[in-house]
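Below: the structure, in structure tokens.
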Amino acid sequence: MKVILISLLGAGSLLGQWPVEQKAVIAEILPKVEETVWLQIGWRTDLWEARREAAKSKKPIYLWEMDGHPLGCV
Amino acid sequence: MFSKPEVQKLLGEQFIPVAANDWYQRRRQDAEGHFFRSVAAQGPRRTEGGTRQGHYVFTAGGKLLGYNNNRDPKKRLAMMRDALKKWEALPDSKKTATIPDRGKQDTKYAREFPKGGTVVKVHSRALEGKDGQLKAAVIGGNTPLAAVDFLWLKKEEVAALHALSMSGGYFPDRLAERIARFHLNDSIRGEPRPWKRSEVQNCTLTLTPSGEVTGTILIKSRDEKMGYEGALSGTISFDKNGNLQSFNFLVLGLHFGEGQFTRGARPGDSPLGHVFSLTSATKPEDQIPPQGMHWEQGYWEAEKH
Numbered sequence: 442m443k444v445i446l447i448s449l450l451g452a453g454s455l456l457g458q459w460p461v462e463q464k465a466v467i468a469e470i471l472p473k474v475e476e477t478v479w480l481q482i483g484w485r486t487d488l489w490e491a492r493r494e495a496a497k498s499k500k501p502i503y504l505w506e507m508d509g510h511p512l513g514c515v
Numbered sequence: 003m004f005s006k007p008e009v010q011k012l013l014g015e016q017f018i019p020v021a022a023n024d025w026y027q028r029r030r031q032d033a034e035g036h037f038f039r040s041v042a043a044q045g046p047r048r049t050e051g052g053t054r055q056g057h058y059v060f061t062a063g064g065k066l067l068g069y070n071n072n073r074d075p076k077k078r079l080a081m082m083r084d085a086l087k088k089w090e091a092l093p094d095s096k097k098t099a100t101i102p103d104r105g106k107q108d109t110k111y112a113r114e115f116p117k118g119g120t121v122v123k124v125h126s127r128a129l130e131g132k133d134g135q136l137k138a139a140v141i142g143g144n145t146p147l148a149a150v151d152f153l154w155l156k157k158e159e160v161a162a163l164h165a166l167s168m169s170g171g172y173f174p175d176r177l178a179e180r181i182a183r184f185h186l187n188d189s190i191r192g193e194p195r196p197w198k199r200s201e202v203q204n205c206t207l208t209l210t211p212s213g214e215v216t217g218t219i220l221i222k223s224r225d226e227k228m229g230y231e232g233a234l235s236g237t238i239s240f241d242k243n244g245n246l247q248s249f250n251f252l253v254l255g256l257h258f259g260e261g262q263f264t265r266g267a268r269p270g271d272s273p274l275g276h277v278f279s280l281t282s283a284t285k286p287e288d289q290i291p292p293q294g295m296h297w298e299q300g301y302w303e304a305e306k307h
């Protein structure tokens, strides 16, 4: 395993872009399109401002509350 | 659940969807914290100091219409529909509210992005070796999602990097330790604790005048039950005004062990990958504080605490 890691990281890099040798593993790490579909919902992150918006638009608030921000970290 | 078109349509059209970090919300002693806890107290989450995680539906005025913390999408959808029925039964006057000024925020539990700061998005993924290549790991038949976090840099820290880029040299300890201790964690299954200063045996990052960054990281807990060994390779560049133009880091390493909130680690040394990329942070989801900002002083002064 260490051999793979060392060979990838030893490949060097070019300013402002990922080198070809690293692109494949970077693509493995970055989220796939289907992993980010849930972000299209238009989540607000400011509860107080969401209250104002809800009051104005006469809609209920849906709050997703987690230990660790739901939009990141986990 | 939130990827289902039916749920997206319902949330987008009939609700104001909000996502929040309970670690702050349940603690903050200000109008927002009091309001949130008053809503939660109408449901089952009312233990003083206890978690209030879950999915809530309520009015702008604070009347709880539904609560659910079940992972079953059918049950959550049923809660949403039931809450909408209660909403429809409300008189018009209860569907709106006069929202006062939020007042002074509890700075102990409210985080503000530093003026002129920079956001670097950090994606992390469990990897596995396959046919001589590193691939997203398949664990228990599933590929765990990429974890997301954000590295925050202050304006003066970017200026220091810009100055360093003229001659080349070692990254400031503050930044190297922030990156190592707060961002090179196993965040795949939950919230990892930050590495302690005493656990970091090496986190030397070097910047060349051409903008290349390399480094090695070695971290081990005192009881040697958890640790990380990795190498960083990347580039940074600046525009003519000294603003970061790119910040591309790839960090590959081997992690072992698990923390209190990251149970279920793979046995032994397991490959972990991190990709750091500059973001303009124009979307709300890119503006949330780094997970490590729970401990604000430690995050900003990682070389001291």
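Taken in sequence, the protein lines are chains A and B. If you read the first sequence in our numbering, its first letter stands for residue 442, the second for the next number, and so on. If you read the second sequence in our numbering, its first letter stands for residue 3, the second for the next number, and so on. Where a beta carbon is used, it is the ideal one built from N, C-alpha and C, also for glycine. Here the structure is a predicted model, which means the values were calculated and not measured.
With a threshold of 8 Å between beta-carbons, can residue i be considered close to chain A, or not?
i: Ala21 (chain B); result: yes
i: Gln31 (chain B); result: no
i: Trp25 (chain B); result: yes
i: Gln44 (chain B); result: no
i: Trp89 (chain B); result: yes
i: Phe115 (chain B); result: no
i: Asp151 (chain B); result: yes
i: His57 (chain B); result: yes
i: Pro286 (chain B); result: yes
i: Arg54 (chain B); result: yes
i: Lys157 (chain B); result: no
i: Leu177 (chain B); result: no
i: Gly229 (chain B); result: no
i: Ile221 (chain B); result: no
i: Lys106 (chain B); result: no
i: Leu13 (chain B); result: yes
i: Leu147 (chain B); result: yes
i: Thr61 (chain B); result: yes
i: Ala85 (chain B); result: yes
i: Glu193 (chain B); result: yes
i: Ala309 (chain B); result: In the structure as shown, chain B begins at 3 and stops at 307. Residue 309 (chain B) is therefore absent and cannot be evaluated.
i: Glu298 (chain B); result: no
i: His257 (chain B); result: no
i: Glu260 (chain B); result: no
Check residue i in the structure and name its three-state DSSP category.
i: Leu455 (chain A); result: Unreliable placement is indicated for Leu455 (chain A), whose pLDDT of 36 sits below 50; the coordinate value is still reported in the next sentence. Strand at Leu455 (chain A).
i: Arg180 (chain B); result: helix
i: Tyr111 (chain B); result: coil
i: Lys132 (chain B); result: strand
i: Gly229 (chain B); result: strand
i: Lys497 (chain A); result: helix
i: Phe60 (chain B); result: strand
i: Lys96 (chain B); result: helix
i: Ser5 (chain B); result: coil
i: His257 (chain B); result: strand
i: Ile470 (chain A); result: helix
i: Gly119 (chain B); result: coil
i: Ile290 (chain B); result: coil
i: Ala22 (chain B); result: strand
i: Glu303 (chain B); result: coil
Is the CB of residue i under 8 Å away from at least one CB in chain B?
i: Val461 (chain A); result: no
i: Val478 (chain A); result: yes
i: Val515 (chain A); result: With a pLDDT of only 48 at Val515 (chain A), under the threshold of 50, the placement of this residue in the model should not be trusted, and no figure is reported.
i: Gly457 (chain A); result: Bear in mind that the predicted position of Gly457 (chain A) carries a pLDDT of just 42, short of 50, making it unreliable; the figure below should be weighed with that in mind. With 8 Å as the cut-off, Gly457 (chain A) counts as an interface residue toward chain B.
Applying a beta-carbon distance threshold of less than 8 Å, which residues of chain B neighbour residue i?
i: Val466 (chain A); result: Leu129, Gln135, Leu136, Leu252, Leu254, Gly275
Could you tell me which of the options sits nearest to residue i, measuring between CA atoms?
i: Tyr69 (chain B); options: A:Asp508, A:Ile482, A:Tyr503, A:His510; result: A:Tyr503
i: Lys198 (chain B); options: B:Ser279, B:Arg180, B:Ile290, B:Arg268; result: B:Arg180
i: Gly56 (chain B); options: B:Lys88, B:Asn23, B:Ala80; result: B:Asn23
i: Arg492 (chain A); options: B:Pro46, B:Gly51, B:Ala62, B:Pro174; result: B:Ala62
i: Gly483 (chain A); options: B:Tyr26, B:Lys11, B:Glu260, B:Phe251; result: B:Lys11
i: Pro93 (chain B); options: A:Lys499, A:Trp505, A:Gly509; result: A:Lys499
i: Asp508 (chain A); options: B:Ser169, B:Gly192, B:Glu287; result: B:Gly192
i: Pro174 (chain B); options: B:Thr284, B:Lys87, B:Ser40, B:Gly217; result: B:Gly217
i: Trp505 (chain A); options: B:Ala267, B:Lys132, B:Met82; result: B:Met82
i: Gln27 (chain B); options: B:Val202, B:Ala80, B:Gln107; result: B:Gln107
i: Leu512 (chain A); options: B:Trp297, B:Phe60, B:Lys285, B:Ser223; result: B:Lys285
i: Ser189 (chain B); options: B:Tyr111, B:Lys132, B:Lys157, B:Ala128; result: B:Ala128
Checking contacts by CB at 8 Å: is residue i closer than that to chain C?
i: Pro174 (chain B); result: In summary, chain C is missing from the structure at hand, where the protein chains are A and B.
For a test of your reading of the model: does the CB of residue i fall under 7 Å from any non-hydrogen atom of the ligand ZN? Yes or no.
i: Ala42 (chain B); result: This structure does not include the ligand ZN; it has no bound ligands of any sort.
Taking residue i as the query, report the chain A residues whose CB atoms sit under 7 Å from its CB, ordered along the chain.
i: Leu67 (chain B); result: Pro501
i: Phe4 (chain B); result: Trp479, Ile482
i: Gln10 (chain B); result: Gln481, Ile482
i: Phe38 (chain B); result: Leu488
i: Gln203 (chain B); result: Going along chain A, no residue has its Cβ under 7 Å from Gln203 (chain B), so there is no contact; the nearest lies around 17 Å.
i: Glu50 (chain B); result: Those do not exist, as Glu50 (chain B) stays about 16 Å from chain A at its closest Cβ, beyond 7 Å.
How would you list, in chain order, the residues of chain A whose beta-carbon sits under 8 Å from the beta-carbon of residue i?
i: Ile18 (chain B); result: Arg485, Ala491, Glu494, Ala495, Ser498, Lys500, Pro501, Ile502, Tyr503
i: Gln289 (chain B); result: Thr486
i: Ala267 (chain B); result: In chain order: nothing, as chain A lies at least about 15 Å away.
i: Glu332 (chain B); result: A query on residue 332 (chain B) cannot be resolved here, the shown segment of chain B reaching from 3 to 307 and no further.
i: His125 (chain B); result: Ile470, Leu471, Pro472
Which complete alpha helix (DSSP H) runs does the region 140-208 of chain B hold, if anything under 4 residues is left out?
157-169, 175-180
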